[in-house]
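Numbering (our numbering), first residue to last: 484 to 619. Built from N, CA and C at the ideal position, the CB exists for glycine as well.
Following this line, the structure appears as structure tokens:
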């Protein structure tokens, strides 16, 4: 298995463990000094324990659907997941830095799925197509 494939497998395993709420198994994938940054809300979590704590504390009722996990040329791993938390739907685009078998860094951008504004519609823009938020 190449280093890229191993890192992709680690990121996929993290999302699977989050979905199962297997926090101890998810924690085992993090370096003790890992850093997780959420630029959209201006938050940073220092340490693997902190990354797990914030995810475990999130209000229940959500499900994770992995859309894509892929290596980037600079060695980071990109993941895109859809999170259903009825009635809301979110997308998380995450950049992972994996060293060896441990996650060292995550930079994660969250977006809320919402209808587009009225000015962006088939009647106003050529070539426009409205997708369901699940279409990715």
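Pairwise C-alpha distance: residue j and residue i
i: residue 499; j: residue 532; result: 18 Å
i: residue 570; j: residue 547; result: 14 Å
i: residue 618; j: residue 550; result: With a pLDDT of only 49 at residue 618, under 50, the local geometry of the prediction cannot be trusted, and the value read off the model is given with reservation. Taking the straight line from one Cα to the other gives about 10 Å.
i: residue 501; j: residue 605; result: 38 Å
i: residue 580; j: residue 515; result: 14 Å
i: residue 503; j: residue 538; result: 12 Å
i: residue 489; j: residue 519; result: 20 Å
i: residue 492; j: residue 599; result: 34 Å
Where residue i falls: helix, strand or coil (DSSP)
i: residue 498; result: helix
i: residue 510; result: helix
i: residue 587; result: strand
i: residue 503; result: helix
i: residue 532; result: helix
i: residue 557; result: coil
i: residue 539; result: helix
i: residue 594; result: strand
Contact set for residue i: own chain, Cβ-Cβ below 7 Å, skip 5 residues either direction
i: residue 496; result: 512
i: residue 559; result: 578, 579, 580
i: residue 508; result: 500
Anticipated Cβ contact below 8 Å, residue i with residue j, distance rounded
i: residue 534; j: residue 517; result: 6 Å
i: residue 556; j: residue 572; result: Wrong, their Cβ atoms sit about 30 Å apart, outside the cutoff.
i: residue 574; j: residue 594; result: 5 Å
i: residue 554; j: residue 487; result: 4 Å
Contacting residues, own chain, Cβ-Cβ under 6 Å from residue i (five flanking each side not counted)
i: residue 566; result: 545, 547, 573
i: residue 562; result: 494, 552, 577
8 Å Cβ shell around residue i - same chain, five flanking residues per side excluded
i: residue 564; result: 498, 547, 548, 549, 550, 574, 575, 577
Report yes or no: do the region 581-591 and the region 518-532 share at least 3 C-beta pairs separated by less than 8 Å?
yes
Hey, is the region 533-544 in contact with the region 599-616, meaning 3+ C-beta pairs nearer than 8 Å?
No, they do not touch.
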